[in-house]
Every structure is written in C-alpha cells, then in structure tokens.
Amino acid sequence: MRRAVVGGCALGLASGWNIANTGAVAGQLADSYGVALATVGLFTTALFVTHLLMQIPGGWASDRFGPRRMGLLGLALIGVGNAIALAESLPALAIATRALMGIGTGLAFVAGSDYVRAAGGSPFAQGLYGGVGIGGGGLALVAVPEAESVVGWRAPFVTALAVAGIAFLALLVSPRDTSQHRRHEAHVPPSALFADSRLYRSAALHATSFGLSVVLGNWVVTLLVRGGGEAKGTAGAVGALTLLLGIVTRPLGGWILRHRPEGIRAAVAASILAGAAGTVCLSAARPLPLTIVGAALVGLASGMPFAVAFTAAARTRPEAPATAVGFVNGASALVIVAGTPLLGLSFSAHGNGRLAFLAVAALWASALLALPSERELGTARTPPR
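In our numbering, the protein residues as written are 626 to 1010.
Encoded structure:
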C-alpha cells in the first residue's frame, strides 16, 4: 500500500506544480513573451478551464479503466504539453499547451485520489495526498524563480517536465490496477451525478474551502500592496500562507476522520469559521500582523475539509467513487475559474477590493450549511440492539 500512496502522491505533486508554476515568474514571462500581465494570467486560466472540464470525465475514466492507467496518461499529457511549450515564447503556443496540460492535470489529480483510496489508503493517506498536491504549488513558487535565473523564461516548463518525468517513473513502479481498481460495473453516466443532491454538500464544502482560498491567494498580494502599502515581497510572503498551510491541515483532517471520527464535523465547522474570520482580517489590509493572522487562518482552514469532502463523495457513490470525486473537485475548479476574475474586478470599484473580501468571508461562513452527515462520512454510531 505504501508504494501506491507514493505513486498517488506523485500524481498530486505533478498536478499542483503545473497549477502554480507560471504564476511564480509572471513578470518575467510577461517581458519574455512581450505581453501584459493579464495575458500571462490567461496561461493559468487556460489550464484551469480544461482541468475543470476533465474532472467528471476523468473520474469516469478512472472508474472504468483504472486510476493508475489514467494517471500515467495524465502525466504523459502534462509532459508533452510542457515539452512543446519550450519551443518558442509565443503567447498562443503557451495558451494552447497550457490547455493540454490542464487535460493532463485533470486526469492525474482525480486518478491520484482514486488510486490512494482504492489501494486501501486511509482518510489520513487521502489527506496526505491532498497535502502533497497543494504543496506542489507551493514548491513551484519557491523553485521556479530560482530556475528562471538559469534557464530563463523556460523555467516553468523545464521544471514541470522534470517533475512529471519523476512522477511517471514513481507511478510506473507502483502496483498495477487490480480487478478491484478496474470496476467494469461502473457504467454510471456522469450526468447522473448532477441529479444526486447528496454530492452537492461535499462539492460546496470543497469549493468553499479550497476554491475560495485559491481565489483569495490570487488577489491578497494586490490588496496588501494597494490597500496596505506593503512591499510586493512582503505581500507575496503573506499571500503564500493561504496556499502553503493547507499542507498541514489536509493530512490532519484525514487523521481526525480516521482516529477521532466523532470530532470531525466539529473540526471542519471550526475551520470554516476560521476561514471566514481570516478573510475578514485580510479585508482590513492593515496592520501587517493582522493580515498575517488572516492569511494563516485561511491557509489552515482550506485544508481541513479536504479528506471529509472526498471521503463523503466516494461513500455517496460507491459504484463510481472517482467520478463522484471528480464532480466535487470540479466545483472548486469552477469557483477558481469564475471567482478569480470577479474578485479582480472589485479592485476598480469602491473599496478597492475590501468589500469583495468581506463578501467572500460570508461565502466561507455559508459552508456550515454543507457539512456532510455522519452517515455520509461513515461515522454514525450503530445503536445497540
């Protein structure tokens, strides 16, 4: 099982890396490609759109053909996309190849979660997978700028190609899909999931916790620079907390679900309230210590519901667990695709983004209504006979 967890986590690492790698050197890419920063933002948007579109089809394919097989295909697409992007600094080429990479990350992320679960991984292992996935983005923020000083504008693609290659090798030596992995009975049409109201709670929980934290992370630097007068380096360090601290709480949420199941709903509820409170702190934009506390609360809160949302989704549709997880993860991708530009528009309105941050805080709090039941989590106690 350990090799399966390592192979699954390799898929998460490769997916997370590609989500953040171009943003790590956005200014340098803008200069090299001869475009505005907004155009560089489209490099991320292009990936997220296809990543979103692949969530349910990718989950269905993982259910039907096996997560390891689909994970290898996803890594291959990630590698091919990054290799082609190295050819020349053309914006159209970058957008097209990033869209191809998004298909790969969509396949790889859902397959990785399903591979860990189907191999017998515990909720803690599922949380560890999620932590490695979000940690991949954090590592890219650190490593890509260093690589840029060596290989220039190709740094995001060279590093992503290397990570995808290592992940491919790790998955290649991991256990093959078994008959349990390849559920030939899983002929559930993806459209059936949209009619299952039980999945919407898990989707709303993940979309709020992870989706909103990414949206906030994209604009907190701008808020602190414009509204708080902070230097870009300081603002960037504070903003990184909204992404990096989920590395800690994603495995922690899985551990609580496994070892202290009676306390998981309270822990998730507390994390939701912490996320709302943290967003309120960020909306003030100053003083700096308050914004650091706010960013830390958002980052920690973003990870706790991960294992809960994915476990509840898989238990809700046991005949097609990966498809259900894809549905849930697609909700967060939709929030990121739609919410990031909307929050950006608020900086040209009254309040310079602060009112929009307060609105996001209210959305955080609304996730309390989406807590999965004890039955959906498998933590309900059986009454004595």
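Note that beta-carbon positions come from the ideal geometry of N, C-alpha and C, so glycine has one too.
Counting the other Cβ atoms within 10 Å of the Cβ of P966 gives fewer than 16, which makes it exposed. Three or more beta-carbon pairs drawn from the segment 720 to 736 and the segment 670 to 677 are found closer than 8 Å, and the two stretches are therefore classed as touching. DSSP places G632 inside the alpha helix (DSSP H), whose first and last residues are R627 to A645. In this structure, A926 lies near G900, with their beta-carbon atoms less than 7 Å apart. Close CB contacts of V650 within its chain, under the 7 Å cut and outside five residues either way in sequence, are with V769, P770, E773, A780 and P781 (chain order).
Ranked by Cα distance from V933, the options G637, R742, C634 and L732 are led by R742. Within the segment 807 to 880, the alpha helix (DSSP H) runs of at least 4 residues that lie entirely inside it are, in chain order, 822 to 831, 837 to 853 and 857 to 869. For M695, the enclosing alpha helix (DSSP H) stretches over residues P692 to A710. For L794, the number of other beta carbons within 10 angstroms of its own is below 16, and it is reported as exposed.
A891 and N707 have their C-alpha atoms some 42 Å from each other.
Our two residues, S799 and A920, have alpha carbons roughly 37 Å apart in a direct line. Within the same chain, Cβ atoms closer than 6 Å to the Cβ of I709 are found at T722, the five residues on either side in sequence being excluded. Note on geometry: alpha-carbon atoms of Q653 and G853 lie some 25 Å from one another.
Secondary structure of D802 (DSSP, three-state): coil. A956 and L913 have their C-alpha atoms some 32 Å from each other. Taking a contact as a CB-CB distance under 8 Å, the pair G762 and G637 does not count as one, their CB atoms being some 10 Å apart.
With distances taken between CA atoms, N954 lies nearest to Q680 out of G633, A663, G648 and Q680. For R742, the enclosing alpha helix (DSSP H) begins and ends at P716 to A743. Nearest to V705 by alpha-carbon distance, out of N643, V893 and F749, is N643. Per the Cβ contact rule, the segment 752 to 761 is in contact with the segment 868 to 882 (3 or more Cβ pairs under 8 Å). Sequence-distant Cβ neighbours of T859 in its own chain, meaning closer than 8 Å and more than five residues away, are L849 and L913. Following the DSSP letters along the chain, one finds H676 inside the alpha helix (DSSP H) bounded by residues L662 to L678. Distance from the CA atom of A629 to the CA atom of F972, rounded to whole angstroms, is 45 Å. The three-state reading of DSSP puts P930 in helix, counting H, G and I together. The criterion of a C-beta distance shorter than 7 Å is not satisfied by L970 and S908. In the DSSP assignment, V905 falls within the unbroken alpha helix (DSSP H) covering I889 to A909. In this structure, F668 is the residue among K857, F668 and A736 with its C-alpha nearest to the C-alpha of I720. In this structure G731 is not in contact with R875, their Cβ atoms being roughly 19 Å apart against a cut-off of 8 Å. Closest by C-alpha distance to L702, out of W778, P716, V788 and G756, is V788. The straight-line gap separating the alpha-carbon atoms of P930 and L1002 is approximately 12 Å. DSSP places G659 in no alpha helix (DSSP H); its state is neither H nor E.
In terms of Cβ geometry, I897 and L993 form a close pair [threshold 7 Å]. DSSP, reduced to helix, strand and coil, places L996 outside both helices and strands of the structure shown, so it counts as coil. Annotated three-state conformation of A974 is coil, per DSSP.
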